[in-house]
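Okay, so here's the structure we're looking at.
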Amino acid sequence: MSSTATHTDDDLMTVPDVLHVLRPLSKRTFYRWRETGKAPICIRLPNGELRIHRSDFKEWLDSHREQVAA
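Counting in my numbering, the sequence shown runs from 10 upward without gaps.
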């Protein structure tokens, strides 16, 4: 059995997971993006922690893809 985790689009990512992908993005910048509506869609759990569906994160990343001029 492999120790490599497999992910599905329904997986929930934590803020540290997102920061790891976007490194060297700081936690402060991520929360500033949330305040200004620039962050990916988040789910606030009853304990106050945030989670992001992997599919929403991928869609958010794709929406920031730059088009190359031909």
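Yeah, the Cβ is synthetic: ideal placement off N, Cα and C, and Gly gets one too.
Residue i: buried (16+ other C-beta within 10 angstroms of its C-beta) or exposed?
{"i": "P27", "result": "Reading off the sequence, residue 27 comes out as Val, not Pro. Flag for V27 reads buried."}
{"i": "I52", "result": "exposed"}
Given this structure, state the Cα-to-Cα distance separating residue i from residue j, to the nearest angstrom.
{"i": "S35", "j": "P49", "result": "15 Å"}
{"i": "R41", "j": "K47", "result": "8 Å"}
{"i": "S11", "j": "R37", "result": "For S11, the predicted model reports a pLDDT of 46, less than 50, meaning its position is unreliable and no value from the coordinates is stated."}
{"i": "V24", "j": "T15", "result": "19 Å"}
{"i": "T17", "j": "A78", "result": "33 Å"}
{"i": "R74", "j": "F66", "result": "13 Å"}
{"i": "E2", "j": "E58", "result": "Residue 2 falls outside the range modelled here, since the chain spans only 10 to 79, and no answer is possible."}
{"i": "R32", "j": "L21", "result": "18 Å"}
{"i": "R60", "j": "D71", "result": "19 Å"}
{"i": "F39", "j": "V30", "result": "12 Å"}
{"i": "W69", "j": "Q76", "result": "15 Å"}
Can you name, in chain order, every residue of its own chain whose Cβ lies under 8 Å from the Cβ of residue i, other than the five neighbours on each side?
{"i": "D19", "result": "H62, R63 and S64"}
{"i": "P55", "result": "none"}
| request: Starting from the N-terminal side, write out each stretch of the beta strand (DSSP E) that is 3 residues or longer and does not extend beyond the region 28–73. | output: 59–62
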